[in-house]
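Undergrad: In the UniProt record's numbering, the protein residues as written are 1 to 584.
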Amino acid sequence: MAYPNLHLTISNRAMAFSDFPDPSRMRCSTARDYLLYLQDYARHFDLERHIRYRSEVCKATRGDDKQWNLSIKQTRDDENDESIIQLQADALIVATGGSQVPNDVPSQLAGFEGKIIHSNAYDKYFMREVAEKKLRVLIVGGGESGADISADLCELSPNLTVWLRRPPCVAIRYLNRLDEMQQMRANQTVDFPVSIFLEAITTNRLGAAQNVYLYSLFRRAVFYNGLIMSTRERWFLERLATAFLRSDQSTVITKSSRMCQALDKEKLEALITPFVSVSGRTCEFSLPDGTRQRREFDAILLCHGFRLEFPWLQLPDGIPFSPNPRSWFLHCFPEGLGDCLFFLGYARPGQGGIPPVAEMLSRYIALLLRDEKRLPADYAEQAQKDEAAEREYYYISPEVNSLVDYNAFMESVARRIGCETRMPLSCVIFFNLHILTVAFLALRWFSTTLIPFSISTLLMLWVGTAIGLCMLHDGLLLKWWLYPHWGVWYRYRGPGANPALLTALLTRLSLRKSISLDPIYIVYLVWFVLSTYIQRLLLISLFVPSAILSALGVRFPEGWGGLLRPKLFVLHSCEWRFSDFFLP
1 MAYPNLHLTI SNRAMAFSDF PDPSRMRCST ARDYLLYLQD YARHFDLERH
51 IRYRSEVCKA TRGDDKQWNL SIKQTRDDEN DESIIQLQAD ALIVATGGSQ
101 VPNDVPSQLA GFEGKIIHSN AYDKYFMREV AEKKLRVLIV GGGESGADIS
151 ADLCELSPNL TVWLRRPPCV AIRYLNRLDE MQQMRANQTV DFPVSIFLEA
201 ITTNRLGAAQ NVYLYSLFRR AVFYNGLIMS TRERWFLERL ATAFLRSDQS
251 TVITKSSRMC QALDKEKLEA LITPFVSVSG RTCEFSLPDG TRQRREFDAI
301 LLCHGFRLEF PWLQLPDGIP FSPNPRSWFL HCFPEGLGDC LFFLGYARPG
351 QGGIPPVAEM LSRYIALLLR DEKRLPADYA EQAQKDEAAE REYYYISPEV
401 NSLVDYNAFM ESVARRIGCE TRMPLSCVIF FNLHILTVAF LALRWFSTTL
451 IPFSISTLLM LWVGTAIGLC MLHDGLLLKW WLYPHWGVWY RYRGPGANPA
501 LLTALLTRLS LRKSISLDPI YIVYLVWFVL STYIQRLLLI SLFVPSAILS
551 ALGVRFPEGW GGLLRPKLFV LHSCEWRFSD FFLP
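1) Please report how far the alpha carbon of A466 lies from the alpha carbon of K124, in whole angstroms.
2) Quick check: the Cα distance between N432 and V523, rounded to an integer number of angstroms?
3) Could you check the C-alpha separation between D339 and D405 for me, to the nearest Å?
4) Any idea which residues DSSP pairs N69 with across the strands?
5) For I139, write down the residues that DSSP places opposite it in a beta bridge.
6) To test your reading of the DSSP string, which unbroken alpha helix (DSSP H) runs of 4 or more residues are found completely within the region 199 to 247?
7) Within a Cβ cutoff of 7 Å, which residues of the same chain sit near P167, ignoring the five residues on either side of it in sequence?
8) With DSSP run on the structure shown, which of helix, strand or coil describes A270?
9) How do the region 126 to 136 and the region 256 to 275 stand: do at least 3 beta-carbon pairs fall below 8 Å, yes or no?
10) For the structure I just gave you, are there three or more beta carbon pairs, one from the region 57 to 73 and one from the region 20 to 35, closer than 8 Å?
11) Which first and last residues belong to the beta strand (DSSP E) in which K513 is found?
12) On the three-state DSSP scale, how would you describe K115?
13) Quick one: using the 10 Å Cβ neighbour count with 16 as the cut-off for buried, is F297 buried or exposed?
14) By how many angstroms is the C-alpha of S24 removed from the C-alpha of W486?
15) Please state whether the Cβ-Cβ distance between K385 and S573 is less than 9 Å.
16) Pick helix, strand or coil for F306, following the three-state DSSP scheme.
17) Of all the options L436, P325, W163 and L477, which has the alpha carbon lying nearest to the alpha carbon of A388?
18) Mark L505 as exposed unless 16 or more other C-beta atoms lie within 10 angstroms of its C-beta, in which case mark it buried.
19) Residue ranges of each alpha helix (DSSP H) run of no fewer than 4 residues wholly in the region 312 to 390, ordered along the chain?
20) May I have the straight-line CA-CA distance separating N211 from L583, to the nearest angstrom?
21) Might you give, ordered along the chain, the residues of its own chain that have their beta carbon closer than 6 Å to the beta carbon of M259, omitting 5 neighbours on each side?
22) Would DSSP call residue 601 helix, strand or coil?
23) Could you pull the start and end residues of the beta strand (DSSP E) that L285 belongs to?
24) Below 8 Å, how does it come out for the region 178 to 190 and the region 480 to 498: are there three or more Cβ pairs, yes or no?
25) With a Cβ-Cβ cutoff of 9 Å, do P349 and F409 count as a contact?
26) By alpha-carbon positions, which one of I72, I429, S454 and D77 ends up nearest to Q86?
27) Between the region 100 to 109 and the region 356 to 369, can you find at least three pairs of beta-carbon atoms closer than 8 Å?
28) Which same chain residues, not among the five before or five after G226, have their C-beta less than 6 Å away from its C-beta?
29) Check this for me: beta carbons of I365 and L344, under 9 Å apart or not?
30) What are the start and end residues of the beta strand (DSSP E) that includes V278?
31) Sorry if obvious, but does the Cβ on D33 come closer than 8 Å to a heavy atom of the ligand ATP?
32) By a C-beta neighbour count over all protein chains shown, 10 Å radius and 16 as the cutoff for buried, is E381 buried or exposed?
See the structure below:
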């Protein structure tokens, strides 16, 4: 769904496929920008000849001969010219996306007598009507579409209200307090440093190497700074009041602060309560403080999401099927059909983009179809364990069944493919020397007899190895740790490798121009370097129980200390190997 004035919530680099990095400036693309990128991709790989446009799958049946029989309705340029064609296939990939069937009108609003539209029908004509008639509009929902649309409409009419059942957890596209829309417009023609984009701190490898508690403490410290809090910061603390140690890792995140910024400027209002009733065109909101607010509306705009339905998919009797993506192994492979039915686009990263995740799965599917890889024999059982782990992890948003952790998911699939990134040997050696120096410093601090080196000698070694890490291969390790973990990192080795793509991108993005050392980012670096040292010391005590439980087929739950492991290995059956002790 591409509504007017849509901008993607992460950069074009994070939305690009790994075998075709976007060559243009790093920015938050418009819907048209991204469409042009997809068209360029199709031309580059000569895909147009394989695509049948204006086609609708009416029925897909799995026959006794293990073939898929598809009935496809095709419409020509003349919309009245339709035909049905039959097609057979050995395997079926479903990539229809999560925005399929709009959710029903909330029961509390069912009696509203004004206009009710869903965001999938929101267009420039409705915007014009709002502007000309100054319509009183109630927007339902605080996700990305609700945030962007409410910010646009409040510029057209002074009568905008947003209804939220609870405060959303809101992130910012750019890591500062400036007006988000103005920055997106400026970014179309001006280069911004990599470090200012949201994905620079949510998907980098340094953050993924921490456990969830260390990862979250930094965010808590940022919001408990004693300053006057904005709407976004206040909502953050309210939403996550029950998840002090887990912070935003426990919920779905709205990656647009435009609504919050409009609220701070008093251009619209937000009413937060699960309780609302309707009479005619009047809505009455029962607020948590016991008061009631009444508002008259001309229209209600629903930005409350979609649901998944696959009525055209007809499976043999006896094969269980659930439309819940968490019931599919890796949100892709349904039980009993993992060798012939695949779902792409139903793993939605809490941070990062859907396209690179879907592409990573497609690389795995290609190897499976060529019999070069095999699914685990117990993949259905693994899916059940993964579902339980995901529900435990994202316990504040249990209804968002597509939600995954970007880094853990990408790494899990990459390790099954064999394309996980490895640093050059010289980087690995210097990294281990550096960590060994840190361990010696810690031991020397507690005992003067265990380590035969002085503190000053060890500090010199620490500085020397740190400089080496920064200098080797034009700062490759720093880019590995600090740059977003774009899909192109997984083209460095393994099946489908094309390291020249990664090299070309990293060459264009020099550290000097890509890292902006503002105060918040400096604090971020200091905290995560220290927490990396702490996490490395924890690994020894965590790896053995994790390996034993994994061998026994038992999930390592939160109550047993499972979340003390690096975030990279907590979800999605991402294999934690002994070699990870020594790899940066």
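In this text, a Cβ means the ideal position worked out from N, Cα and C, and glycines have one as well.
TA: Based on what the coordinates show:
1) The residue you call residue 466 lines up with position 466 of the sequence shown. The residue you call residue 124 lines up with position 124 of the sequence shown. Their Cα atoms are separated by approximately 54 Å.
2) What you label residue 432 is simply residue 432 of the sequence shown in a count that begins at 1. What you label residue 523 is simply residue 523 of the sequence shown in a count that begins at 1. The alpha-carbon atoms of N432 and V523 are separated by roughly 24 Å.
3) Mapped onto the sequence shown, residue 339 falls at position 339. Mapped onto the sequence shown, residue 405 falls at position 405. Approximately 25 Å, taken between the alpha carbons.
4) As a working note, residue 69 is residue 69 in the sequence shown. Paired residue(s): T61 and Q88.
5) Position 139 of the sequence shown holds residue 139. Answer is V162 and L301, bridged to I139.
6) 199 to 202, 205 to 208, 212 to 223 and 231 to 239
7) As a working mapping, residue 167 is identified with position 167 in the sequence shown. Contacts found: W235, E238, R239 and I272.
8) Position 270 of the sequence shown holds residue 270. In the structure shown, A270 sits in a strand (DSSP, three-state: E or B).
9) no
10) no
11) In the sequence shown, the residue the question calls residue 513 occupies position 513. Segment L511 to S514 is the alpha helix (DSSP H) holding K513; no beta strand (DSSP E) there.
12) Here residue 115 refers to the residue found at position 115 when the sequence shown is read from its first residue. K115: strand per DSSP, three-state reduction.
13) Here residue 297 refers to the residue found at position 297 when the sequence shown is read from its first residue. Result: buried.
14) On the sequence shown, residue 486 is found 486 positions in, with the first residue counted as 1. On the sequence shown, residue 24 is found 24 positions in, with the first residue counted as 1. Roughly 15 Å between the two C-alpha positions.
15) Along the sequence shown, one-based indexing puts residue 385 at 385. Along the sequence shown, one-based indexing puts residue 573 at 573. Against a cut-off of 9 Å, the Cβ pair of S573 and K385 comes out as a contact.
16) Within the sequence shown, residue 306 is the residue found at index 306, counting from 1. The answer is strand: DSSP assigns F306 an E or B state.
17) The sequence position of residue 388 within the sequence shown is 388, counting from 1. Selected option, being the one with the closest Cα: P325.
18) As a first step, residue 505 must be located in the sequence shown, where it is residue number 505. Per the 10 Å Cβ criterion, buried.
19) 354 to 369
20) What you label residue 211 is simply residue 211 of the sequence shown in a count that begins at 1. What you label residue 583 is simply residue 583 of the sequence shown in a count that begins at 1. Using only the alpha carbons, I get a separation of about 17 Å.
21) On the sequence shown, position 259 is the one that residue 259 refers to. The answer, listed in chain order, is A147, S150 and A151.
22) Any answer about residue 601 is impossible in this case: the structure gives the chain only from 1 up to 584.
23) Numbered from 1 along the sequence shown, position 285 holds the residue referred to as residue 285. A small correction: the amino acid at residue 285 is Phe; Leu does not occupy that position in the sequence shown. Here the beta strand (DSSP E) through F285 covers T282 to S286.
24) no
25) Walking along the sequence shown from the start, residue 349 turns up at place 349. Walking along the sequence shown from the start, residue 409 turns up at place 409. Taking 9 Å as the Cβ cut-off, P349 and F409 qualify as a contacting pair.
26) For the purposes of this step, residue 86 is identified with residue 86 of the sequence shown, where counting begins at 1. Ranking I72, I429, S454 and D77 by Cα distance to Q86 puts I72 first.
27) no
28) As a first step, residue 226 is located in the sequence shown; it is residue number 226 there, counting from the start. Reliability fails at G226, whose pLDDT of 47 lies under 50, so the model's placement of it is uncertain and the value that follows must be treated cautiously. Same-chain partners within the cutoff: there are none.
29) Position 365 of the sequence shown, counted from the start, is the residue given in the question as residue 365. Position 344 of the sequence shown, counted from the start, is the residue given in the question as residue 344. Cβ atoms of I365 and L344: closer than 9 Å.
30) Residue 278 sits at position 278 when you count from the first residue of the sequence shown. Note, V278: beta strand (DSSP E), V276 to S279.
31) Judged by which ligands are present, the structure shown has none, so any question about the ligand ATP falls away.
32) Stepping through the sequence shown from its first residue, residue 381 is reached at position 381. That one is exposed.
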